[in-house]
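Undergrad:
2 protein chains.
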Amino acid sequence: MSEREELCNRPVGVFDSGVGGLTVAREIMRQLPNERIVYFGDTARVPYGSKSRDTVTKYSRQIVRFLQTQDVKAIVVACNTASAYALDELENEVDIPIIGVVKPGARAAIEATRNGKIGVIATEATVSSGIYSRYINENDKNVTVLSKACPLFVPLVEEGLWEDPVTDEIAERYLAELIDVGIDTLILGCTHYPMIRSTIGRTMGESVTLVNPAYETARELKQLLHDSGLESDHRPGLGTELYRFFVSDAADKFQKFANSILTYGILSAKVIAIDEY
Amino acid sequence: MSEREELCNRPVGVFDSGVGGLTVAREIMRQLPNERIVYFGDTARVPYGSKSRDTVTKYSRQIVRFLQTQDVKAIVVACNTASAYALDELENEVDIPIIGVVKPGARAAIEATRNGKIGVIATEATVSSGIYSRYINENDKNVTVLSKACPLFVPLVEEGLWEDPVTDEIAERYLAELIDVGIDTLILGCTHYPMIRSTIGRTMGESVTLVNPAYETARELKQLLHDSGLESDHRPGLGTELYRFFVSDAADKFQKFANSILTYGILSAKVIAIDEY
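Protein chains in written order, with my numbering: chain A, 44 to 320; chain B, 44 to 320.
1. Counting only Cβ pairs nearer than 7 Å, list the residues of chain A close to residue 65 of chain B.
2. Checking contacts by CB at 8 Å: is residue 132 of chain A closer than that to chain B?
3. Verify whether the separation of the beta carbon atoms of residue 306 of chain B and residue 123 of chain B is less than 8 Å.
4. At 7 Å on the CB atoms, spell out the chain B contacts of residue 98 of chain A, in chain order.
5. So which of B:262, B:169, B:220 and B:150 has the shortest CA-CA distance to residue 96 of chain B?
6. Counting only beta-carbon atoms, is residue 213 of chain B nearer than 8 Å to chain A?
7. State the Cα-Cα distance for the pair residue 179 of chain A and residue 230 of chain A, rounded to the nearest angstrom.
8. If you follow the beta strand (DSSP E) that residue 239 of chain A is part of, which residue opens it and which one closes it?
9. Here's the rule: buried if 16 or more other CB atoms are within 10 angstroms of the residue's CB, otherwise exposed. What is residue 156 of chain A?
10. Which residues does DSSP pair with residue 287 of chain A in a beta bridge?
11. How about the region 251 to 261 of chain B and the region 47 to 61 of chain B: do they share at least three Cβ pairs that are nearer than 8 Å?
12. Would residue 202 of chain B count as contacting chain A if we go by Cβ distances under 8 Å?
13. Going by alpha carbons, who is nearest to residue 284 of chain A out of A:77, A:198 and A:262?
14. Would you mind stating whether residue 75 of chain A and residue 264 of chain A have Cβ atoms separated by less than 8 Å?
15. Would you kindly report the start and end of the unbroken alpha helix (DSSP H) that includes residue 129 of chain A?
16. List, in chain order, every chain A residue whose beta-carbon is nearer than 8 Å to that of residue 299 of chain B.
17. For the alpha helix (DSSP H) containing residue 252 of chain A, list its first residue and its last residue.
18. Please name the residue or residues paired with residue 211 of chain B in a DSSP beta bridge.
19. Contact defined as beta carbons within less than 8 Å: I believe residue 279 of chain A pairs with residue 197 of chain A. What is the distance between those atoms, to the nearest angstrom?
20. Please report how far the alpha carbon of residue 249 of chain A lies from the alpha carbon of residue 160 of chain A, in whole angstroms.
21. Which residues in chain A have a C-beta closer than 9 Å to the C-beta of residue 107 of chain B? List them in chain order.
22. Do residue 60 of chain B and residue 167 of chain B have their C-beta atoms closer together than 8 Å?
23. For residue 277 of chain B and residue 114 of chain B, I'd like the C-alpha separation in whole angstroms.
24. Can you tell which of B:65, B:85, B:224 and B:187 has its C-alpha closest to the C-alpha of residue 144 of chain B?
25. Tell me the DSSP secondary structure of residue 226 of chain B in three-state form.
26. Going by C-alpha distance, which of A:133, A:208 and A:158 is nearest residue 216 of chain B?
27. List the DSSP bridge partners of residue 58 of chain A.
28. Is the beta carbon of residue 99 of chain B less than 8 Å from the beta carbon of residue 80 of chain B?
29. Alpha carbon to alpha carbon, how far is residue 151 of chain A from residue 222 of chain A?
30. How should residue 293 of chain A be labelled, buried or exposed, when 16 other C-beta atoms within 10 angstroms of its C-beta is the threshold for buried?
31. Is the beta carbon of residue 88 of chain B less than 8 Å from the beta carbon of residue 104 of chain A?
32. Starting from the Cα of residue 181 of chain A, find the closest Cα among A:146, A:171 and A:86 and give me that residue.
33. Sort out for me which residues DSSP pairs residue 187 of chain B with in a bridge.
34. Just to confirm the assignment, what range does the alpha helix (DSSP H) spanning residue 149 of chain A have?
35. Roughly how many whole angstroms lie between the Cα atoms of residue 101 of chain A and residue 314 of chain B?
36. Below 7 Å on C-beta distance, what does residue 94 of chain B contact in chain A?
See the structure below:
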């Protein structure tokens with residue numbers, strides 16, 4: 044095997060504060076079926092959405108160090124909060140390609156909007172970082188961005204209330220302002236939100252385009268791997284472990300949730316002591 | 044000042060995974076006005092309720108080490124999950140008195156029940172630890188204990204929906220089984236739950252006694268300090284800091300929440316790096 048081939052055969056590292064990033068992993072599995080994935084979910088320290096910049100950056104740095112021990116060829120920060128708070132610093136610290144979910148989502152929203160009014164729903168941390176509006180306005184200063192934190196969406200998703208009157212009620216409260224302002228494009232700025240996409244879509248109405256950064260990120264990863272000559276051009280052979288999952292705690296619970304999201308049944312998730320990295 | 048006096052003047056250490064333990068601190072402030080308190084809220088790693096025994100024990104051990112650097116004379120584990128998972132081990136490791144919230148709550152429920160049917164509502168971790176039923180049945184094997192995990196109560200409380208139709212609806216779903224079984228006593232087995240005590244009380248009906256372990260724990264602490272001769276017999280003088288608050292992250296948010304719970308306005312909370320202890 045040539046050195047280049049060996050490099051291309053390495054897995055892509057994907058990480059999130061917990062299970063949410065599996066929606067990103069799922070899109071990568073769909074759009075890049077030749078790529079191996081090493082997924083890390085920080086289930087011991089979830090959620091990131093209510094934590095400070097310093098803490099989220101420190102945690103992200105530990106995870107990147109762990110992923111590098113797994114010989115990954117590129118890293119996807121599959122967590123909006125970590126992308127918002129830590130990506131810029133991480134980019135300076137590692138010598139492999141690293142992308143987050145914010146920029147791909149923001150770019151897709153700029154392309155989608157017709158009336159120049161984009162909404163962003165996300166965790167408190169992502170909203171208060173202002174990253175979506177900053178990035179959107181750097182690219183198009185005529186767009187108005189309205190951000191809204193929706194702290195109950197994550198627990199509602201994790202409790203399995205994906206189709207439920209309570210989730211409808213909470214969605215109506217959170218989204219009312221965005222409807223009033225007349226946005227025509229809404230970014231699902233937290234990786235848990237695609238699971239309640241139908242509720243959000245129903246509440247916003249048909250005229251509003253929902254942007255799923257998970258989908259856009261997988262597209263951008265494909266392009267990035269292609270451009271940097273890191274693409275794997277064949278499906279790994281039998282006996283190669285295609286997808287590996289690591290967590291910092293409670294592997295059983297992770298597996299159960301993962302199996303409700305991924306069509307590919309995950310065999311097992313291994314617990315590692317992330318704070319030692 | 045005699046050695047004994049110096050010892051009695053030391054503060055009591057109180058810790059929780061986050062803000063919930065403030066309901067316990069509040070009861071201690073009310074019932075033991077002479078006692079100084081050092082509170083630690085593990086806001087960087089909250090919640091504990093969905094984490095494993097090993098992780099919760101490791102975190103609790105770090106916090107105990109931190110509290111010992113603050114010269115505390117006794118420690119209150121003001122978190123049901125940590126009391127359930129870590130208290131037994133901690134008791135063996137420290138040489139000062141340490142109490143949790145589970146036993147005081149369980150004892151009060153045994154005293155309160157008339158029909159021998161006790162309900163416990165708590166986090167997933169506390170419920171799956173089985174600690175309340177084990178402890179209750181060790182003391183009275185004729186009592187039937189029915190436990191129910193209520194994972195959405197904590198986020199609902201933290202989102203401020205203390206009196207809200209959504210909280211009513213969720214409470215009705217969670218509590219239906221307990222009503223069907225005909226319990227006459229219900230332990231609020233998570234320190235956040237006293238904040239939605241009225242909703243829970245309304246849902247259960249007037250005939251059900253609600254047991255608040257925070258209240259019982261403060262009573263037990265009073266007895267314990269008295270019995271071990273560690274009671275402070277006078278209100279600390281002017282210039283002595285009565286209550287000190289430490290957190291592992293996001294001090295501003297903690298302060299805001301604390302001020303909505305405590306009548307005593309907290310001046311500031313200091314952030315410390317708990318994983319270095």
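C-beta atoms are modelled at their ideal positions from N, C-alpha and C, and glycine is treated no differently.
TA: Let me lay it out:
1. None at all; the shortest Cβ gap to chain A is about 16 Å.
2. no
3. no
4. 87 and 292
5. B:169
6. yes
7. 11 Å
8. Neither: residue 239 of chain A is in no beta strand (DSSP E) and is coded neither H nor E.
9. buried
10. A:81
11. no
12. yes
13. A:77
14. yes
15. 123 to 136
16. The contacting residues do not exist; residue 299 of chain B stays about 12 Å from chain A at best.
17. No alpha helix (DSSP H) contains residue 252 of chain A, which is instead part of the beta strand (DSSP E) from 252 to 254.
18. Its beta-bridge partners do not exist; DSSP assigns none.
19. Not a contact, Cβ separation roughly 33 Å.
20. 16 Å
21. None at all; the shortest Cβ gap to chain A is about 17 Å.
22. no
23. 19 Å
24. B:65
25. coil
26. A:208
27. A:83 and A:120
28. no
29. 20 Å
30. buried
31. no
32. A:146
33. B:160
34. 145 to 155
35. 15 Å
36. 87, 292 and 293
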